[in-house]
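One structure is given below, encoded as structure tokens.
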Amino acid sequence: MPTTNLTGWTLAFSDDFLGSSLSYPSWFKYGGTLWDGSHVIVAAGLLELQSYQDPNFNNTWKSGGVSTIQGYGSNSTYGKYLARQRVDPGYGISAIALLWPSDNSWPPEIDFYEDGGGSVFDNGVRDSTSATFHFNSYNNQTTQYLRNVNFTQWHTMGVEWTPGKLVYTIDDQVWGTVQSNDVPNISMGLALQTQAGTASSNWNPIPNNSTPSMVTMQIDWVVIYAWNPQQTSSVNFGDTVHRNNAIILYFIFLVATHRTKVV
Numbered sequence: 666m667p668t669t670n671l672t673g674w675t676l677a678f679s680d681d682f683l684g685s686s687l688s689y690p691s692w693f694k695y696g697g698t699l700w701d702g703s704h705v706i707v708a709a710g711l712l713e714l715q716s717y718q719d720p721n722f723n724n725t726w727k728s729g730g731v732s733t734i735q736g737y738g739s740n741s742t743y744g745k746y747l748a749r750q751r752v753d754p755g756y757g758i759s760a761i762a763l764l765w766p767s768d769n770s771w772p773p774e775i776d777f778y779e780d781g782g783g784s785v786f787d788n789g790v791r792d793s794t795s796a797t798f799h800f801n802s803y804n805n806q807t808t809q810y811l812r813n814v815n816f817t818q819w820h821t822m823g824v825e826w827t828p829g830k831l832v833y834t835i836d837d838q839v840w841g842t843v844q845s846n847d848v849p850n851i852s853m854g855l856a857l858q859t860q861a862g863t864a865s866s867n868w869n870p871i872p873n874n875s876t877p878s879m880v881t882m883q884i885d886w887v888v889i890y891a892w893n894p895q896q897t898s899s900v901n902f903g904d905t906v907h908r909n910n911a912i913i914l915y916f917i918f919l920v921a922t923h924r925t926k927v928v
């Protein structure tokens, strides 16, 4: 998990889920029709968002979701958001990492990882994802697709949100960008969720007989940076010592080589 500042970014929040429960008040769990807090598990250094037919709710599908929106120190205007994650295969179970307005006014919405669990190019096997930016009162959208990646394996998904620009990343590599005056300039927070599909959704269909009895999105860590154009990278003393030693050794090598040539 990253622990230092980056050029242009100041570390604002991080969580590697080493305890046995979510840290409060940094996070809160979803409730409502599609989610229940009991489907959010923290164990073995992982956050798990579980979707399954819950006997406590007449065996209807319930899922897990968490957000920083009601937390502190992790909602901001602009930022760099990273989540180290993987998702089980499962038709009809979506997995999403997104930014949501802190005041719950919608849109905007920035989905930087979204797998509907049943799109025509995926069918729940987790080999594709999308990033969708929702904006203005008409819910206009711009969507980009990332295909042929195994998302049942671990990847670091991210978004860099700056004035007028969104940059989508996977494993520190840029895979998509949005440049628009519609990019929001309001406070937003991070949300992570799974969700079982409903009959009214083409993107996220109802689970079928092929869907495993439990489908889990696992998150190893989350890091949030505040946008700070004046920030320089953090370098610890040990890194500086090693770097200086390398320079000294290289200088000695050059001197020795030069002397050999002269002799």
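Position in the sequence shown (first residue = 1) + 665 = the working numbering. Note that the Cβ used here is the ideal one computed from N, Cα and C, for glycine as well. The structure displayed is predicted, hence computed values, not measured ones.
>> Among the candidates Ser732, Gly781, Lys745, Ala748, whose CA atom is the shortest distance from the CA of Asp768?
In response: The shortest Cα separation from Asp768 among Ser732, Gly781, Lys745, Ala748 belongs to Ser732.
> In chain order, what residues of the same chain have a beta carbon less than 8 Å from the beta carbon of Gly829, not counting five sequence neighbours either side?
Replying inline: The answer, listed in chain order, is Gln844, Ser845, Asn846, Val848.
> Asn801 by DSSP, collapsed to three states: which one?
Replying inline: Note: Asn801 maps to coil in three-state DSSP.
> Skipping 5 residues on each side, what residues in its chain have a beta carbon closer than 8 Å to that of Gln896?
Replying inline: Asn670, Leu671, Thr672, Gly673, Trp674, Thr675, listed in sequence order.
>> If you follow the beta strand (DSSP E) that Leu683 is in, where does it begin and where does it stop?
In response: That residue, Leu683, is in no beta strand (DSSP E); it is neither H nor E in DSSP.
> Tell me the DSSP bridge mates of His820?
Replying inline: Gln750, per the DSSP bridge assignment.
>> Taking the straight line between their C-alpha atoms, what separation do you get for Trp886 and Leu712?
In response: Near 8 Å, if we compare the C-alpha coordinates of Leu712 and Trp886.
> If you run the structure through DSSP and keep just helix, strand and coil, what is Ser732?
Replying inline: Ser732 carries a strand assignment under DSSP once its states are collapsed to helix, strand and coil.
>> Quick check on Leu683: buried or exposed, where buried means 16 or more other Cβ atoms within 10 Å of its Cβ?
In response: Counting every other CB atom within 10 Å of its CB across the protein chains shown gives Leu683 a total below 16, marking it as exposed.
>> Does the contact criterion of 3 or more C-beta pairs under 8 Å hold for the stretch 741 to 752 versus the stretch 814 to 831?
In response: Here the stretch 741 to 752 makes contact with the stretch 814 to 831; the two share three or more CB pairs at distances below 8 Å.
>> Tell me whether the stretch 683 to 692 and the stretch 704 to 718 touch, counting them as touching only if at least three CB pairs, one residue from each stretch, are closer than 8 Å.
In response: The answer is yes - the stretch 704 to 718 touches the stretch 683 to 692, with three or more Cβ pairs under 8 Å.
> Can you give the Cα-Cα distance for Ile758 and Gly789, rounded to whole angstroms?
Replying inline: Cα-Cα distance, rounded: 7 Å.
>> Buried or exposed for Pro754, going by 16 or more other Cβ atoms inside 10 Å?
In response: Around the CB of Pro754, 16 or more other CB atoms lie within 10 Å, so the residue is classed as buried.
> Shortest alpha-carbon distance to Thr725 belongs to which of Trp700, Glu779, Ile734?
Replying inline: Measuring C-alpha to C-alpha distances from Thr725 to each of Trp700, Glu779, Ile734 identifies Trp700 as the nearest.
> Is it right to say Ile884 is buried, meaning 16 or more other beta carbons lie within 10 angstroms of its own, or is it exposed?
Replying inline: Looking at its Cβ environment, which holds 16 or more other Cβ atoms inside 10 Å, Ile884 is buried.
> Rounded C-beta distance between Gln818 and Tyr833? I'm assuming under 8 Å.
Replying inline: A Cβ-Cβ separation of about 18 Å leaves Gln818 out of contact with Tyr833 under the 8 Å criterion.
> Does DSSP put Pro766 in a helix, a strand or coil?
Replying inline: Pro766 falls in the strand class under three-state DSSP.
>> With a threshold of 7 Å on Cβ separation, who are the neighbours of Gly783 within its own chain once the five nearest residues in sequence on each side are excluded?
In response: Cβ neighbours of Gly783 beyond the five flanking positions: Tyr756, Gly757, Gly789, Gly862, Asn869, Pro870.
>> Please report the distance separating the alpha-carbon of Ser741 from that of Ser866.
In response: So the alpha carbons of these two residues sit roughly 31 Å apart.
> Under 8 Å between C-beta atoms, does Tyr743 make it to chain B?
Replying inline: Considering every chain present, this structure includes no chain B. It has just one protein chain.
> What is the DSSP secondary structure of Gly697, counted as helix, strand or coil?
Replying inline: In the structure shown, Gly697 sits in coil (DSSP, three-state: anything other than H, G, I, E or B).
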